[in-house]
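Participant: With the working numbering as the guide, the letters of the sequence shown map in order to residues 1 to 193.
Below you'll find the structure I mean.
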Amino acid sequence: MTCKRGADELAKLLQGNKNFMAGTPTAKNMCLQTLQSLALYQEPYACVLSCSDSRVVPEIIFDCGIGELFVVRVAGIAVGPNVKESIEYAVKKLHVPLLILLGHDDCGVMKYASEQYPALPGQFESILKCVYPVIDGAGKFDCNNQFARKHTQWVEDFLLKNSSIIRAAVETEQLTIAKCHFNHHTGEVEVLK
Ligand SMILES: [Zn+2]
Numbered sequence: 001m002t003c004k005r006g007a008d009e010l011a012k013l014l015q016g017n018k019n020f021m022a023g024t025p026t027a028k029n030m031c032l033q034t035l036q037s038l039a040l041y042q043e044p045y046a047c048v049l050s051c052s053d054s055r056v057v058p059e060i061i062f063d064c065g066i067g068e069l070f071v072v073r074v075a076g077i078a079v080g081p082n083v084k085e086s087i088e089y090a091v092k093k094l095h096v097p098l099l100i101l102l103g104h105d106d107c108g109v110m111k112y113a114s115e116q117y118p119a120l121p122g123q124f125e126s127i128l129k130c131v132y133p134v135i136d137g138a139g140k141f142d143c144n145n146q147f148a149r150k151h152t153q154w155v156e157d158f159l160l161k162n163s164s165i166i167r168a169a170v171e172t173e174q175l176t177i178a179k180c181h182f183n184h185h186t187g188e189v190e191v192l193k
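So, in structure tokens, the structure goes:
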């Protein structure tokens with residue numbers, strides 16, 4: 001056992017990812033019986049902010065079942081008020097010790113933002129406004145997967161700056177934030193520095 005809150009949960013999920021990569025998933029909590037045992041309460045041990053992309057399915061790539069992950073999904077992990085508050089709910093009310101920010105390869109939002117920058121074409125504006133600051137700071141990216149990694153870091157900074165709940169939980173070591181990137185070729189979830 002490690003003492004930092006969230007470290008054991010991260011190790012468990014990364015082991016689950018290894019199971020997924022090896023083609024040997026072990027997840028058990030996938031049946032009606034599990035759901036019924038949790039009918040009146042939930043106790044997830046991690047919150048995952050994931051892209052809505054159909055190829056990025058947190059429960060599958062982390063080898064999990066019902067009741068384990070509180071998943072917030074939005075295209076490009078673009079944080080707006082509802083997304084921020086959903087994560088805050090997991091931290092404040094469900095006391096999750098771990099928040100995973102999960103970017104991924106071949107993200108349509110990064111591709112679209114790379115094409116459109118710096119225009120705001122009147123569509124998808126709230127999403128673009130969550131992604132453009134990364135290009136503002138670092139310039140245009142040759143590789144959209146690198147762009148996605150930088151954006152995941154930006155999302156952590158944004159949450160720490162704009163959410164007193166998340167900031168306080170990190171400062172008091174009640175919450176670990178793990179910035180991650182999902183590789184479509186290997187299936188690996190890489191933990192970013
Ligand atoms: Zn995406």
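Ideal Cβ positions, reconstructed from N, Cα and C, are used throughout, including at glycine.
Please report the distance separating the alpha-carbon of Lys193 from that of Thr152.
Facilitator: The straight-line gap from Cα to Cα measures roughly 11 Å.
Participant: Please give the ranges of any beta strand (DSSP E) in the stretch 24-110, keeping only runs that are unbroken, at least 3 residues long and fully inside the region.
Facilitator: Listed in chain order, the complete beta strand (DSSP E) runs (minimum 3 residues) inside the stretch 24-110 are 46-50, 69-73 and 98-104.
Participant: Leaving out five residues before and five after Phe147 in sequence, what residues of the same chain have Cβ atoms less than 7 Å from its Cβ?
Facilitator: Once the five neighbours on either side are set aside, the close Cβ partners of Phe147 are Met110, Ser114, Val134 and Phe141.
Participant: Could you say which of Arg149, Gln36, Glu43 and Glu9 lies nearest to Lys92 if we only look at CA atoms?
Facilitator: For Lys92, the nearest C-alpha among the options comes from Glu43.
Participant: Closest to Gly65 by CA distance: which of Ile166, Gly16, Leu101 and Leu10 is it?
Facilitator: For Gly65, the nearest C-alpha among the options comes from Gly16.
Participant: Among Glu190, Leu175, Leu128 and Leu40, whose alpha-carbon lies nearest the alpha-carbon of Ala90?
Facilitator: Measuring from the Cα of Ala90, the nearest candidate turns out to be Leu175.
Participant: Does the Cβ of Ser163 have 16 or more other Cβ atoms within 10 Å, making it buried, or fewer, making it exposed?
Facilitator: Under this definition Ser163 is a buried residue.
Participant: Quick check on DSSP: helix, strand or coil for Cys130?
Facilitator: Of the three classes helix, strand and coil, the one that applies to Cys130 here is helix, per DSSP.
Participant: Might you give, ordered along the chain, the residues of its own chain that have their beta carbon closer than 8 Å to the beta carbon of Cys196, omitting 5 neighbours on each side?
Facilitator: The question about residue 196 has no answer here: the residues shown for the chain are numbered 1 through 193.
Participant: Comparing the CB of Asp53 with every heavy atom of ligand 1, is any distance shorter than 8 Å?
Facilitator: Checking every heavy atom of ligand 1 against the Cβ of Asp53, one is found closer than 8 Å.
Participant: Whole-angstrom Cβ separation of Glu188 and Leu98, contact assumed at under 8 Å?
Facilitator: Contact flag wrong, Cβ pair sits at about 18 Å.
Participant: Assuming Ile166 and Glu88 form a contact by the criterion Cβ under 8 Å, report the distance between their Cβ atoms to the nearest whole angstrom.
Facilitator: With a Cβ gap of about 6 Å, Ile166 and Glu88 count as contacting.
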